[in-house]
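Residue numbers (full-length UniProt numbering): 1 to 229.
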Amino acid sequence: MIVYGKQIVMYVAREYPNLCEEIYLSKEIEKSNFNLFKKLGKPILRLDNKKAQALCHGGNHQGYLAKIKPLLQTPFKDLKRANFLLVLSGVSDVGNIGSLFRSAYALGVEGIVICELKELKQEGIIRTSAGAMFGMPFCIVQNTLDVAHELKEAGFSLLGTSLEEKGGENNIGSKKALFLGSEDRGLSKKTLAKMDVCLNIPMKNGFNSLNVGVAGAILMDRIVNGSIR
């Protein structure tokens, strides 16, 4: 798959060189950056701008593109050893998923389970997560209820999101899983019924609309650094 943009390509070359297969350049770059690419021992190809634009579908490549290996999933059974997981149920927007990967990685979430999603567009999520997806263990499990059941069996407290709070914050254990629902519908009633606690975000000025990326970041911070322990 293709990733592009100076920041992302340099980040992969420095931190995850084993993922790189080819480097594509459409302009002259700093000598230090070129030397880093040479150390990878992978082909470095020159492209004209038309070809570069085609590879990144018109995105802003800044002269830097790379072909990398697809990211491998972490088995769900391994993620169940973590203490804090994020579960996305029906979240489909690449921008929101990338934002959640970025916030989760920054806040110390140990893994992300993605449910009810037909296709995971890794290239877009890598870009919108600013590269955080590279370092975040993740897996895809289609059925949210199966995930909830297995996490409950593994000793997780299940934290959901809804407009109405469901108490129980004082009984949250050391292993936590935060469930976030789709952009338009949130979590299903069946999923909410599985939750130990349902959280919401009080808002001011009569405004009650936050996208799932923003809401998820607020709740993750509350769990890690705030009042939800």
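The C-beta atom is built at its ideal place from N, Cα and C for all residues, glycine as well.
Values in this document were obtained by computation on a predicted structure and should not be read as measured data.
- Taking all protein chains shown into account, Ser129 has 16 or more neighbouring C-beta atoms within 10 Å of its C-beta and is therefore buried.
- Rounded to whole angstroms, the gap between the alpha carbons of Lys80 and Asp221 is 21 Å.
- Beta-bridge analysis with DSSP links Ser182 to Gly186.
- The C-alpha of Leu25 is placed about 19 Å away from the C-alpha of Tyr16.
- Put simply, the backbone Cα of Lys67 is about 10 Å away from that of Leu55.
- In the three-state scheme derived from DSSP, where H, G and I count as helix and E and B as strand, Tyr16 is classed as coil.
- In the DSSP assignment, Thr144 falls within the unbroken alpha helix (DSSP H) covering Thr144 to Glu153.
- Asn83 and Gly5 have their C-alpha atoms some 34 Å from each other.
- DSSP lists no beta-bridge partner residue for Glu119.
- In this structure, Met133 lies away from Ile140, with their beta-carbon atoms at least 8 Å apart.
- A direct Cα-Cα distance of roughly 46 Å separates Ile223 from Asn49.
- The beta carbons of Leu159 and Lys190 sit about 16 Å from each other, so the pair does not count as a contact at 8 Å.
- If you check the CB distance, Leu117 and Ser99 do not come in under 8 Å.
- Of all alpha-carbon atoms in Lys27, Gln53 and Val9, the one lying nearest the alpha-carbon of Leu19 is that of Val9.
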